[in-house]
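2 protein chains.
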Amino acid sequence: MQVVVPFAATEPKTRLADVLTPAERTAFARAMLADVLTAVVEAGHEPTVLATAPLDLETLDLEAAVRDAGSVAVDDRPLTEAVNARLPERGDGGDDGTHIDPVAVVMADLALATADALEALFSAAADVAVVPGRGAGTNALVVDHPEFRVDYHGASYLDHREIAHDVGATLETVDSFRLGTDIDEPADLVEVLVHGTETDRAPARLREFGFELERTDGRVTVARLEESRPK
Amino acid sequence: MQVVVPFAATEPKTRLADVLTPAERTAFARAMLADVLTAVVEAGHEPTVLATAPLDLETLDLEAAVRDAGSVAVDDRPLTEAVNARLPERGDGGDDGTHIDPVAVVMADLALATADALEALFSAAADVAVVPGRGAGTNALVVDHPEFRVDYHGASYLDHREIAHDVGATLETVDSFRLGTDIDEPADLVEVLVHGTETDRAPARLREFGFELERTDGRVTVARLEESRPK
Numbered sequence: 046m047q048v049v050v051p052f053a054a055t056e057p058k059t060r061l062a063d064v065l066t067p068a069e070r071t072a073f074a075r076a077m078l079a080d081v082l083t084a085v086v087e088a089g090h091e092p093t094v095l096a097t098a099p100l101d102l103e104t105l106d107l108e109a110a111v112r113d114a115g116s117v118a119v120d121d122r123p124l125t126e127a128v129n130a131r132l133p134e135r136g137d138g139g140d141d142g143t144h145i146d147p148v149a150v151v152m153a154d155l156a157l158a159t160a161d162a163l164e165a166l167f168s169a170a171a172d173v174a175v176v177p178g179r180g181a182g183t184n185a186l187v188v189d190h191p192e193f194r195v196d197y198h199g200a201s202y203l204d205h206r207e208i209a210h211d212v213g214a215t216l217e218t219v220d221s222f223r224l225g226t227d228i229d230e231p232a233d234l235v236e237v238l239v240h241g242t243e244t245d246r247a248p249a250r251l252r253e254f255g256f257e258l259e260r261t262d263g264r265v266t267v268a269r270l271e272e273s274r275p276k
Numbered sequence: 046m047q048v049v050v051p052f053a054a055t056e057p058k059t060r061l062a063d064v065l066t067p068a069e070r071t072a073f074a075r076a077m078l079a080d081v082l083t084a085v086v087e088a089g090h091e092p093t094v095l096a097t098a099p100l101d102l103e104t105l106d107l108e109a110a111v112r113d114a115g116s117v118a119v120d121d122r123p124l125t126e127a128v129n130a131r132l133p134e135r136g137d138g139g140d141d142g143t144h145i146d147p148v149a150v151v152m153a154d155l156a157l158a159t160a161d162a163l164e165a166l167f168s169a170a171a172d173v174a175v176v177p178g179r180g181a182g183t184n185a186l187v188v189d190h191p192e193f194r195v196d197y198h199g200a201s202y203l204d205h206r207e208i209a210h211d212v213g214a215t216l217e218t219v220d221s222f223r224l225g226t227d228i229d230e231p232a233d234l235v236e237v238l239v240h241g242t243e244t245d246r247a248p249a250r251l252r253e254f255g256f257e258l259e260r261t262d263g264r265v266t267v268a269r270l271e272e273s274r275p276k
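As they're listed, the protein sequences go chains A and B. First residue of the first sequence: 46, per my numbering; consecutive thereafter. First residue of the second sequence: 46, per my numbering; consecutive thereafter.
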């Protein structure tokens, strides 16, 4: 199985602009990418970062084993096109033209990803296995069908169900809070701090930036220490 | 295993007040409760609704087998106290004083609950198994320890981890998007319509009320047909 991790290498995570400077957003996005790559390698696979611009894995905070297992492919086309160019086609991977090598696509902002959660996805038996995020996004999927193609525009989880149906592919929805939580908006930062482990880079970055959990009566939010806020 | 489903029988789901009338909120909350009870029975258990006021299961839209398997216990105390009164104590369930019967607590607003997702929770081996929701809530848990007690006030998932640690109970976090999605706010209604099945009552109610998925370019939202809006 190939595991592709799409990554917006320039101006990532603009929806966090209210709480993070551009430099912080870049550092945070790279920390999440490093956590995702680590989880993929721990799950026994060699991830390919599908980056919109050149990226040197040496500049990420990665264990040597993860860095060595990873590679980068640059493709500046929109996400859907770049991913589709990586999906299996009939004849890939086997001389007889029938076997194809499945391709997994795991978004780089799944900061809560763990090897266990990824293994549950990677071991799904269907032609297409999808992990939906909130709002019918597609946070991760595995494609083991030569005709299935992605369409990340709009309600992609619903689209992917339809596309699978249209090409005669079986589809399984994989139930995971960890993989179903993509980190896009300020409210999502709570999840990084609540569920991240001590060795994860993304929560460490947030703490460096001065974020901490604020436990009020009704719920948990993140707060940024006054003196650490961007001026 | 006992399965307890806490249910606010009066004025439920006030955070949906912007989009649903009080009567609609009551009907929707009861539809979600019926879906949760059905999933519990499909998972092989007999649910007890822990209601804040008297509730007649005959008035819920339930299959006969589910209605027959269910029961109601009324407890008008705050959630934490009412649940703690139901948790196992040392000596429960066995003559020798060592065996206890585990108790599961599944919230009534987990509209996406399925038998599969519940079975994954119910089969957890730890003394305490917790399904967190967004914002560090506790959406469901199974307690198989005589000293563990819940505290739903505030960041309950974090509190429950601490409480388990303090009483020497092992804790497992169960990873489920379906059980991790509680339906509290208008934005959550999208998930009911995206992930509900054809036989589920909660999405059927929303459609009766005039809600439908609105698939714009960027994301999916729910929209309510103009003529169906409360005046």
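C-beta: ideal position from N, C-alpha, C; glycine also.
Closer than 7 Å to chain B by CB, residue i
i, result
"Asp-196/A", "no"
"Val-173/A", "no"
"Gly-115/A", "no"
"Ala-247/A", "no"
"Ser-201/A", "no"
"Val-235/A", "yes"
"Val-265/A", "yes"
"Arg-269/A", "no"
"Ala-162/A", "yes"
"Ala-88/A", "no"
"Ala-84/A", "no"
"Pro-222/A", "The sequence given here places Phe at residue 222/A; Pro does not occur at that position. Answer yes: the Cβ-Cβ gap between Phe-222/A and chain B drops below 7 Å somewhere."
"Arg-250/A", "no"
"Ala-149/A", "no"
Residue nearest to residue i in terms of C-alpha spacing, selected from the options
i, options, result
"Asn-129/A", "Asp-189/A, Asp-101/A and Ala-84/A", "Asp-189/A"
"Phe-222/B", "Asp-204/A, Gly-180/A and Thr-215/A", "Gly-180/A"
"Asp-106/A", "Thr-83/A, Arg-206/A, Ala-185/A and Thr-159/A", "Thr-83/A"
"Pro-57/B", "Glu-108/B, Ile-228/B, Glu-259/B and Ala-114/B", "Ile-228/B"
"Pro-123/A", "Ala-54/A, His-144/A, Glu-108/A and Ala-249/A", "Ala-54/A"
"Gly-225/A", "Gly-199/A, Glu-103/A, Val-151/A and Val-49/A", "Val-151/A"
"Asp-80/B", "Arg-246/B, Glu-259/B, Val-49/B and Glu-257/B", "Arg-246/B"
"Ala-157/B", "Glu-217/B, Ala-127/B, Val-94/B and Ala-185/B", "Checking the sequence shown, residue 157/B turns out to be Leu, not Ala. Checked all of Glu-217/B, Ala-127/B, Val-94/B and Ala-185/B; the closest Cα to Leu-157/B is Ala-185/B."
"Ala-118/B", "Leu-102/B, Ala-109/B and Glu-108/B", "Leu-102/B"
"Thr-59/B", "Ala-127/B, His-198/B, Leu-216/B and Phe-73/B", "Phe-73/B"
"Arg-131/B", "Asp-113/B, Leu-61/B and Val-50/B", "Val-50/B"
"Ala-280/B", "Glu-257/B, Arg-260/B, Val-187/B and Glu-230/B", "Absent from the structure is residue 280/B, since the part of chain B shown begins at 46 and ends at 276."
"Asp-196/B", "Thr-261/B, Glu-259/B, Thr-159/B and Thr-125/B", "Thr-125/B"
Inter-residue Cα distance where the pair is residue i and residue j
i, j, result
"Val-111/A", "Glu-253/A", "23 Å"
"Leu-166/B", "Gly-213/B", "20 Å"
"Asp-172/A", "Ser-201/B", "38 Å"
"Ala-96/B", "Ala-232/B", "26 Å"
"Gly-255/B", "Arg-274/B", "8 Å"
"Phe-52/A", "Ala-76/B", "41 Å"
"Thr-183/A", "Glu-134/B", "43 Å"
"Met-46/B", "His-144/B", "12 Å"
"Thr-115/A", "His-90/A", "Note that residue 115/A is Gly in the sequence shown, not Thr. So the two alpha carbons sit approximately 9 Å from each other."
"Val-279/B", "Arg-206/A", "No statement about residue 279/B is possible, as the shown extent of chain B runs from 46 to 276 and does not include it."
"Asp-63/B", "Ala-68/A", "38 Å"
"Ile-208/A", "Ser-168/A", "21 Å"
"Pro-177/B", "Leu-203/B", "9 Å"
"Glu-164/B", "Ala-153/A", "30 Å"
"Val-85/A", "Ala-249/B", "39 Å"
"Arg-70/A", "Ala-88/A", "27 Å"
"Pro-147/B", "Val-219/A", "27 Å"
"Glu-217/A", "His-210/A", "11 Å"
"Glu-272/A", "Gly-241/A", "24 Å"
Short CB-CB distance (under 7 Å) between residue i and chain A
i, result
"Gly-241/B", "no"
"Ser-273/B", "no"
"Phe-167/B", "no"
"Asp-121/B", "no"
"Ala-130/B", "no"
"Gly-225/B", "yes"
"Ala-181/B", "yes"
"Arg-112/B", "no"
"Arg-206/B", "no"
"Arg-260/B", "yes"
Ignoring anything shorter than 4 residues or poking outside the segment 74–143 of chain A, list the alpha helix (DSSP H) runs there in chain order. Counting only runs of 4 or more, we get 109–114 and 124–129.
Using 8 Å as the threshold, is the segment 231–239 of chain A in touch with the segment 192–211 of chain A, meaning 3 or more CB pairs across them? no
Contiguous beta strand (DSSP E) assignments of at least 3 residues, all confined to the segment 160–237 of chain B: 173–177, 183–188 and 216–218
Residues in the segment 48–80 of chain A having any Cβ partner in chain D nearer than 8 Å: Annotation note: the requested chain D is absent from the structure, which comprises protein chains A and B.
Inter-stretch contact at 8 Å, needing at least 3 Cβ pairs: the segment 173–189 of chain B / the segment 82–99 of chain B: no
Quick check on the DSSP output: what are the complete alpha helix (DSSP H) runs of length 4 or more inside the segment 235–269 of chain B, in order along the chain? 246–253
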